[in-house]
Amino acid sequence: MTATTPMPGDVGADPHGHTPADLPDGATPPDPIIIEEDMPRTWPDRLRSWSRLAAALVGAIGIFSAFLVARGADPIVVFEAMWTSAFGDANKLGETLIRATPLLLAALAVAVPAKAGLFNIGGEGQLVLGAIGAVLVAYSLGEETNGVLTLTLMAVGGAVAGGLWAAIPALLKYFTDTSEAIVSLLLNYVAVIVLAWLVFEPLKDPMSTGQAYSRPLAANQNLPIIWGNRVHLGVVIAVVAAVAVWLALRGTRWGFALKVLGGNPEAARRAGLKVGLLGFSALAIGGALAGLGGMLHVSGLENRLRPDLMVGYGYIGFLAAWLARHDPLKSIGAAVLLGAIAVGGTGLKISAGLSGAAVNVLMALVLLAVLGWSRPAPKALR
Amino acid sequence: MTRRRRWTAALVALSLVFAASCGSDDSSDEAGGGGGTGDGDSDLTIGFLYVGPKDDFGYNQAAYEGSLAVEAAFPEATILQAENVPETAEAEAAMQDMIDRGADIIFATSFGHLEFAANMAEQNPDVVFLHQGGLVGDDVLDNLGTYFGTVYEPVYTAGVAAGMATETDKLGYVYAFPIPQTLANINAFQLGAASVNPDVETIAISTGSWCDPGTQATATQSLLDQGVDVITQHQDCTKTIIEATEAAGAMSVGYHFDASELAPEGWLTGSEWDWDDLFVQIVQTIVDGDFVGSEFNGDFRVGLQTGDNPFVQSPFGPLVDADTQALIEEIEAGFIDGGSPFAGPVLDQDGEIVWADGEQPTYDEVETMDFFVIGVIGRTD
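Protein chains in written order, with the numbering used here: chain A, 1 to 382; chain B, 1001 to 1381.
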């Protein structure tokens, strides 16, 4: 596999000849922004790191349990209710996967720019734009067009819209030296307002009797349901996207160049890499991935644009990316975990006598635990 | 540097999640047995979905209190509660979760839940779905129905109180979406006010949300800046607007819930839900096996003409004098006798006659209202 082939001049290669790709599954995920990821790893090292992770997660669950007790709920009841809601049967597992789908693409939208040392906090807005782009393509194609072609063009439309939205902070960064983190974050609010305007004004469903939403997609504009009543093809597409991103980052010159840029921008510049173009491409491709996520969500599940179509997905996706240390494959697991916690929130609402927002506390604790677990930086970097 | 960067990112991420969630600060509880374990031998399970929190001094709190009445009337039943269920496909997921926990009856209480309740009704023929405020028409599934009161009747009489009380002749109306129900309310409010004060006008502002306190505060301030001295609303959570109005020394007309404690000075009156009897009646009909073909298996509407309106006048505040209260009682008596807030002549904003002298719409016709009457400042599209 290309991913395991060390590249000539691989600045990430460590003195023992390991590349990050040599690490077996479950080893410490590489951190994209820092070079310490390529430090030598030995088995005792790994063992220590795993036990730290286990301790951290137990700690997170312990703190959350204390929080539950303080709120007058029985932690066992809560965890059982959450588990039932997230994984209790095939329906529930399906719901978790559906919820994880846009989260995964939003996580990839963070992971790709992060390889180049860039912060994309605009996943939420890029998801929204993707949904808008896909729906606009669907409306302009009409209901007569062939289904596969329609869905393909909708996916392209969503990705292009998300990519263009992410290109705004990228261009501003390279022409005016603004922070891509701040600009992409603020654009989330703009995106939501654009969506609200569309569903209140030009795209409002004439049959909506005053409600703010667009008219429904036609049957051939919906992703096929592949399992049960609700699980749509987007679940598979999201996983394929994650694998594709993983391959692209590991196995292409572009992915390698992003890593060089992320590791040391000055070195990248001196090595003759087109730093501006690389950073732009990372952000734009990240945005395109989120845009695809918006398309999958609207075409597979929501069926029309609504003002609160994507609320929270981009931000939870950001958490997923950090949980996975920006590793595309591990992002799959992180998205499913956070999707499960989000879906588990329903059970927590229904059965546990607790606020549904309490799941945000759990998400935060898990993230802090995983970040805290990260192995200490080598002495030289401290 | 790398550490600081990582922790900065973590902080950013956390604050974003909390920012995203604080807009939907929700809480919930199970009124029935703990942990879905059920209580008693009966396997009757009833689920209630709310779009907002159960303590919103408004729509959701009123429906929640109705669910407590059901719990009291059917002590053997398990009651499932889910608050802050958005009007997106997540509502279907929440309903599915309730069904998997044994729900036989589901009350979907927000206007925007209708589409999802209808989908779930089609997929789950053994579960009865009741929707609050929507319209399903005559050709309805055997396990679906909607219910609502004629909200505009007490809103009209509240408009009378507002028309008497205003000194600037400007009333303010904060609303969410221009759905027929809301348009009927705003029109009734203006018509009630104009019936005692021909110079009065009502400025209507949309927030685009059932409960967005930030936008509510802005809308309230904007109304106050335009010289409005009585503010009412069609929002789910009513607290922010009433508190801001009271703080500015203006007068409040409540909606959905008796919030007079929030406005001891400026509270005029309002209208509020009393779902207890209707909810119990609906559940009893289903338990008895009489739902199919019953009045609840369709669009059930009840008002002063047809029986006890579940939507009743709130207590009067100190600013409403005895004469006004007597007048309001008289008007109510007229509605009970078959009158309507929309008894003609009713003119739209362009001055065109909608219902001529001697005409009045039926309850069904009011449900499809799509215009503002003359005297309302605002647009319906």
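Ideal Cβ positions, reconstructed from N, Cα and C, are used throughout, including at glycine. This structure is a prediction, so every number in the text was calculated from the model and none was measured.
On the DSSP bridge assignment, give the partners of residue i in chain order.
| i | result |
| --- | --- |
| Lys1170 of chain B | B:Glu1201 |
| Ile225 of chain A | A:His232 |
| Gly1254 of chain B | B:Gly1270 |
| Lys274 of chain A | Its beta-bridge partners do not exist; DSSP assigns none. |
| Gly967 of chain B | Residue numbering for chain B in the displayed model covers 1001 to 1381; residue 967 of chain B lies beyond these limits and cannot be assessed. |
| Thr1146 of chain B | B:His1131 and B:Asp1299 |
| Lys204 of chain A | A:Ser214 |
| Ile1231 of chain B | B:Gly1172 and B:Ser1252 |
| Val1346 of chain B | B:Trp1355 |
If we define contact as Cβ-Cβ less than 9 Å, is residue i a contact residue for chain B?
| i | result |
| --- | --- |
| Glu266 of chain A | no |
| Asp177 of chain A | no |
| Thr101 of chain A | no |
| Asp308 of chain A | yes |
| Asp38 of chain A | Note that Asp38 of chain A scores a pLDDT of 46, beneath 50, so its modelled location is shaky; the value from the coordinates is reported in the next line. No, its Cβ sits nowhere closer than 9 Å to a Cβ of chain B. |
| Ala196 of chain A | yes |
| Gly418 of chain A | It is not possible to answer for residue 418 of chain A, since the shown part of chain A is limited to 1 through 382. |
| Gln211 of chain A | yes |
| Lys115 of chain A | no |
| Lys349 of chain A | yes |
| Ala134 of chain A | no |
Nearest chain A C-beta to residue i closer than 9 Å, yes or no?
| i | result |
| --- | --- |
| Ala1089 of chain B | yes |
| Ala1108 of chain B | no |
| Asn1060 of chain B | no |
| Leu1141 of chain B | no |
| Pro1213 of chain B | no |
| Arg1101 of chain B | yes |
| Ser1067 of chain B | no |
| Pro1125 of chain B | no |
| Phe1342 of chain B | no |
| Asp1097 of chain B | yes |
| Gly1133 of chain B | no |
| Pro1178 of chain B | yes |
| Glu1167 of chain B | no |
| Asp1370 of chain B | yes |
Please classify residue i: is it buried, with 16 or more other beta-carbons within 10 angstroms of its beta-carbon, or exposed?
| i | result |
| --- | --- |
| Trp165 of chain A | buried |
| Gly1315 of chain B | Residue 1315 of chain B is actually Pro in this sequence, not Gly. The residue in question, Pro1315 of chain B, is exposed, as its Cβ has fewer than 16 Cβ neighbours within 10 Å. |
| Tyr1147 of chain B | buried |
| Arg325 of chain A | buried |
| Gly17 of chain A | Here Gly17 of chain A scores only 40 on pLDDT, less than 50, and its place in the model is too uncertain to base an answer on. |
| Leu337 of chain A | buried |
| Tyr315 of chain A | buried |
| Arg99 of chain A | buried |
| Asn146 of chain A | exposed |
| Lys274 of chain A | exposed |
| Val148 of chain A | exposed |
| Met207 of chain A | exposed |
| Arg250 of chain A | buried |
| Gly158 of chain A | buried |
| Asp89 of chain A | exposed |
Can you tell me which of the three DSSP states residue i falls into?
| i | result |
| --- | --- |
| Gln1313 of chain B | strand |
| Lys92 of chain A | helix |
| Ile1377 of chain B | strand |
| Ala387 of chain A | With chain A represented from 1 up to 382, any question about residue 387 of chain A goes unanswered, as that position is not in the structure. |
| Asp1236 of chain B | coil |
| Thr101 of chain A | helix |
| Trp43 of chain A | helix |
| Tyr1059 of chain B | helix |
| Leu195 of chain A | helix |
| Ile1336 of chain B | helix |
| Ser1206 of chain B | strand |
| Gly1159 of chain B | helix |
| Leu1141 of chain B | coil |
| Phe1074 of chain B | coil |
Looking at C-beta atoms only, is the number of pairs between the region 248-259 of chain A and the region 178-188 of chain A that lie closer than 8 Å three or more?
no
Is the region 1317-1328 of chain B touching the region 1296-1303 of chain B in the sense that three or more CB pairs, one from each, lie closer than 8 Å?
no
Evaluate contact between the region 114-131 of chain A and the region 363-370 of chain A, counting only Cβ atoms and requiring at least three cross-stretch pairs below 8 Å.
no
Counting pairs of beta carbons, one from the region 1084-1091 of chain B and one from the region 1101-1121 of chain B, are three or more of them closer than 8 Å?
At 8 Å Cβ cutoff, the stretches touch.
Below 8 Å, can you find three or more Cβ-Cβ pairs linking the region 1272-1282 of chain B to the region 1113-1120 of chain B?
Counting Cβ pairs under 8 Å, fewer than three are found: no touch.
Touch test, the region 51-59 of chain A against the region 1064-1078 of chain B, Cβ-Cβ under 8 Å, three pairs minimum
no
Assess, as a yes-or-no matter, whether the region 1187-1201 of chain B is touched by the region 1154-1166 of chain B under the definition of 3 or more beta carbon pairs within less than 8 Å.
yes
Inter-stretch contact at 8 Å, needing at least 3 Cβ pairs: the region 198-216 of chain A / the region 287-297 of chain A:
At 8 Å Cβ cutoff, the stretches do not touch.
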